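Counting from 431, one number per residue, gives the positions in the sequence shown under my numbering.
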Amino acid sequence: MQDIPTFGERLENVRERIAGACSRAGRNPEEVQLVAVSKGFGPEDVREAYSLGLAAFGESKVQEARAKIPECPEGISWHLIGHLQSNKIKHAVRLFDVVHSVDSIKLLDQLDEACDVAGRIMRVFLEVNVSGEKSKFGMNPDQAAEVVAAALNCSRLEPVGLMTMAPLADKPEKARGYFRKLRELRDKWNSDFDVALNGLSMGMTNDFEVAIEEGATLVRIGTALFDGST
Ligand SMILES: *Cc1c(COP(=O)(O)O)cnc(C)c1O
Numbered sequence: 431m432q433d434i435p436t437f438g439e440r441l442e443n444v445r446e447r448i449a450g451a452c453s454r455a456g457r458n459p460e461e462v463q464l465v466a467v468s469k470g471f472g473p474e475d476v477r478e479a480y481s482l483g484l485a486a487f488g489e490s491k492v493q494e495a496r497a498k499i500p501e502c503p504e505g506i507s508w509h510l511i512g513h514l515q516s517n518k519i520k521h522a523v524r525l526f527d528v529v530h531s532v533d534s535i536k537l538l539d540q541l542d543e544a545c546d547v548a549g550r551i552m553r554v555f556l557e558v559n560v561s562g563e564k565s566k567f568g569m570n571p572d573q574a575a576e577v578v579a580a581a582l583n584c585s586r587l588e589p590v591g592l593m594t595m596a597p598l599a600d601k602p603e604k605a606r607g608y609f610r611k612l613r614e615l616r617d618k619w620n621s622d623f624d625v626a627l628n629g630l631s632m633g634m635t636n637d638f639e640v641a642i643e644e645g646a647t648l649v650r651i652g653t654a655l656f657d658g659s660t
């Protein structure tokens, strides 16, 4: 039986794969931020990852984050990557530095107002349901013009880019078309709105290399880092 790799070894492997994808795409690895998705793992795992140089962590659920974040080192940048319910917005504003899941004008307005009350600015990604799967959150690309315009009007929100999740698939290559579509939407909206929503939050354990080849500026990786069994 092979030894289970240490966290440090898994991190090194992920970093090498990021570098490899960047090199294939002629990109600088510094353009790709690694967010370690710690959902389902505890503060001790976060501490170990932090001690090895990871500084940005992602959580899917506000409830889980509320219990975990106070037990974690200060100085971490916390990203909310899961759906945000209205009744959790106040907590989210207190806990997170970036929200990746903004997908409606209603949520934009509520988040903007909560940030105003808290006296802070929040960076947001606008989540797009590129695949059109009914089970997925995210705005339909056709509704986007309205949502992008609204986001640009929120005084307490700083829209930094777009986020998507590709459908589950047996091969990473199947995600490529969805990632490419998100990049094309970004380029179109940037020119239509004369803005620079340059961020592309896309790519997870199963498909991050393809996402980087298609322009991801931020990958959200959980399993490949934290799950010793894979
Ligand atoms: C869980 C999750 C991830 C990380 O997924 P892995 O396959 O474990 O890397 C990334 N993004 C979102 C939105 C998630 O919910």
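Idealized CB from N, CA, C, for every residue including glycine. Nothing here was measured: the structure is a model prediction, and the numbers come from that model.
Non-local beta-carbon contacts of Lys498 in its own chain, meaning distances under 8 Å to residues more than five positions away in sequence, involve Ser468, Gly472, Pro473, Val476, Glu489 in chain order. Around the beta carbon of Asn559, a 10 Å sphere encloses 16 or more other beta carbons of the protein chains shown; the residue is thus reported as buried. According to DSSP, residue pairing for Ser507 in a beta bridge involves Ala486. Distance from the C-beta of Met632 to the nearest heavy atom of ligand 1 is not below 7 Å. Restricting attention to alpha helix (DSSP H) runs no shorter than 4 residues, the stretch 549-592 encloses them at 574-582, ordered along the chain. Look at Ile651 here: in three-state DSSP terms it is strand.
Beta-bridge analysis with DSSP links Ser631 to Met593, Leu648. Ranked by how close their Cα comes to the Cα of Lys566, the residues Cys584, Val532, Leu582, Ala575 have Val532 in first place. Around the beta carbon of Ser481, fewer than 16 other beta carbons sit within 10 angstroms, so the residue counts as exposed.
With contact defined as three or more Cβ pairs closer than 8 Å, the stretch 630-638 and the stretch 585-596 are in contact. The Cβ atoms of Ala466 and Leu655 lie closer than 8 Å to each other. The three-state reading of DSSP puts His521 in helix, counting H, G and I together.
Per the DSSP secondary-structure output, Ala544 pairs with nothing in a beta bridge.
Secondary structure at Gln493: helix, using DSSP grouped into helix, strand and coil.
Counting every other CB atom within 10 Å of its CB across the protein chains shown gives Arg524 a total below 16, marking it as exposed.
When distances are taken from the beta-carbon of Asn636 to the heavy atoms of ligand 1, the shortest one is below 7 Å.
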